[in-house]
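Visitor: Here you go, one structure.
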Amino acid sequence: MAQAQRRTSVRSDVAEATHKIDSPSRLAAAASGLWTALVTLAIVMVLAGLVWPGGDADAEVPPGAPQRLELPGLKTKAKVVPIRLRGEVLDPPRNPREIGWWVGSAKPGSAQGQTVVTGHTVHTGGGSLNKLDHIEPGQEVDIATKDGTFQHQVDSVQVLSRSELAEQSQRIFGQDHGDGRLVVITCTDWNGSGYDSNIVVFAHRFNALPKKSRVGSS
1 MAQAQRRTSV RSDVAEATHK IDSPSRLAAA ASGLWTALVT LAIVMVLAGL VWPGGDADAE
61 VPPGAPQRLE LPGLKTKAKV VPIRLRGEVL DPPRNPREIG WWVGSAKPGS AQGQTVVTGH
121 TVHTGGGSLN KLDHIEPGQE VDIATKDGTF QHQVDSVQVL SRSELAEQSQ RIFGQDHGDG
181 RLVVITCTDW NGSGYDSNIV VFAHRFNALP KKSRVGSS
């Protein structure tokens, strides 16, 4: 293959909880020191050549802000909330059970750009993307908006160090390419005090399902 991919084995304690934390506030506290900032210099490198995403890809289901992400093969569902840059860092959701959609990226259903979402991995359990290390090419990723659901198929799964993420920032975060693909990012490789790497999943859109109209009672 022209593009080399590096897969690394993920430590089992990232995906398997040794202790379950129930309340969102305690989860947030547990995750606060575990989240590897996806971008410091990376986003800054992208912003210089950023092209604002947009354009309709499917007339039946217009582009819209994502509300829910589902990984059917991993039995994972999570609420999606908008996230923004705080200074030079992409600020993840405070609730580790939620997934963040970077508002500077394309809305699902757009013909241009790419939709970038990120979520927490919590080594003690309870992170929205704790199972992402098990995803494989060919599996489905669905993202729902108020008007319908966009279905995607995973093309590649890569594990990148922080330096590699920065080096490939334009490919991962840039909006002048991508044709509306989905990029899902979380942390991996727990070292006992933090995460050394990030999992980056690329998926292309293959279908759009309009939301069924509710039949009102008369």
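When you number the sequence shown by our numbering, it's gap-free, plus one each residue, and the end is 218. Even glycine gets a Cβ: it sits at the ideal position worked out from N, Cα and C. Quick caveat: nothing in here was measured; it's all calculated off a predicted structure.
1. Rounded to a whole number of angstroms, what is the C-alpha to C-alpha distance between R162 and K107?
2. In three-state DSSP terms, what is A144?
3. What runs of the alpha helix (DSSP H), each 4 residues or longer, lie entirely inside the stretch 152-200?
4. If you pair each beta-carbon of the stretch 127-142 with each one of the stretch 62-76, do three or more pairs fall below 8 angstroms?
5. Got a sec? Which residues, its chain only, sit under 8 angstroms from I172 by beta carbon, not counting five neighbours each side?
6. Output the distance between the C-alpha atoms of N191 and E167, rounded to the nearest integer angstrom.
7. I'd like the list of long-range same chain contacts for Q153, defined as Cβ closer than 7 angstroms, with 5 residues on each side in sequence excluded.
8. Which residue comes first and which comes last in the beta strand (DSSP E) that contains L129?
9. Return helix, strand or coil for G104, following the three-state DSSP convention.
10. Our contact map puts I99 next to G119 with C-beta atoms below 8 angstroms; I'd like the distance itself, whole angstroms only.
11. For W102, tell me which candidate among T145, V81 and T121 has the shortest Cα-Cα distance.
12. On the three-state DSSP scale, how would you describe G119?
13. Are there 16 or more other CB atoms within 10 angstroms of the CB of P63, so buried, or fewer, so exposed?
14. Checking the sheet assignment: what are the DSSP bridge partners for L71?
15. Once the 5 residues before and after G194 are set aside, which same chain residues still bring their CB inside 6 angstroms of it?
16. Could you give the DSSP three-state label for R205: helix, strand or coil?
17. Roughly how many whole angstroms lie between the Cα atoms of D189 and L90?
18. Going by C-alpha to C-alpha distance, which of R94, Q112 and T145 sits closest to R181?
Guide: Put simply:
1. By 1-based counting over the sequence shown, the position of residue 162 is 162. By 1-based counting over the sequence shown, the position of residue 107 is 107. The alpha-carbon atoms of R162 and K107 are separated by roughly 26 angstroms.
2. Reading the sequence shown from its first residue, position 144 is the one you call residue 144. A144 falls in the strand class under three-state DSSP.
3. 162-167 and 169-173
4. yes
5. Along the sequence shown, one-based indexing puts residue 172 at 172. A42, V116, L165, V183, I185 and V200.
6. In the sequence shown, the residue the question calls residue 191 occupies position 191. In the sequence shown, the residue the question calls residue 167 occupies position 167. Taking the straight line from one Cα to the other gives about 22 angstroms.
7. Stepping through the sequence shown from its first residue, residue 153 is reached at position 153. Here the set comprises G138, E140, A203, H204 and F206.
8. Stepping through the sequence shown from its first residue, residue 129 is reached at position 129. Here L129 belongs to no beta strand (DSSP E), and DSSP marks it neither H nor E.
9. For the purposes of this step, residue 104 is identified with residue 104 of the sequence shown, where counting begins at 1. G104 falls in the coil class under three-state DSSP.
10. For the purposes of this step, residue 99 is identified with residue 99 of the sequence shown, where counting begins at 1. For the purposes of this step, residue 119 is identified with residue 119 of the sequence shown, where counting begins at 1. That belief holds up - the Cβ atoms of I99 and G119 are roughly 4 angstroms apart, short of 8 angstroms.
11. On the sequence shown, position 102 is the one that residue 102 refers to. Answer by Cα proximity: V81.
12. For the purposes of this step, residue 119 is identified with residue 119 of the sequence shown, where counting begins at 1. Note: G119 maps to strand in three-state DSSP.
13. Within the sequence shown, numbered from 1, the residue matching residue 63 stands at position 63. Counting Cβ neighbours within 10 Å, P63 comes out buried, since at least 16 surround it.
14. The count along the sequence shown starts at 1 and reaches residue 71 at position 71. Per DSSP, T76.
15. Taking the sequence shown and counting its residues from 1, the one referred to as residue 194 is at position 194. If we look at G194 and ignore the five residues flanking it on each side, it has no Cβ neighbours.
16. On the sequence shown, residue 205 is found 205 positions in, with the first residue counted as 1. R205: strand per DSSP, three-state reduction.
17. Counted from its first residue, the sequence shown places residue 189 at position 189. Counted from its first residue, the sequence shown places residue 90 at position 90. For D189 and L90, the distance between alpha carbons rounds to 20 angstroms.
18. Within the sequence shown, residue 181 is the residue found at index 181, counting from 1. When each option's Cα is compared against that of R181, the closest is Q112.
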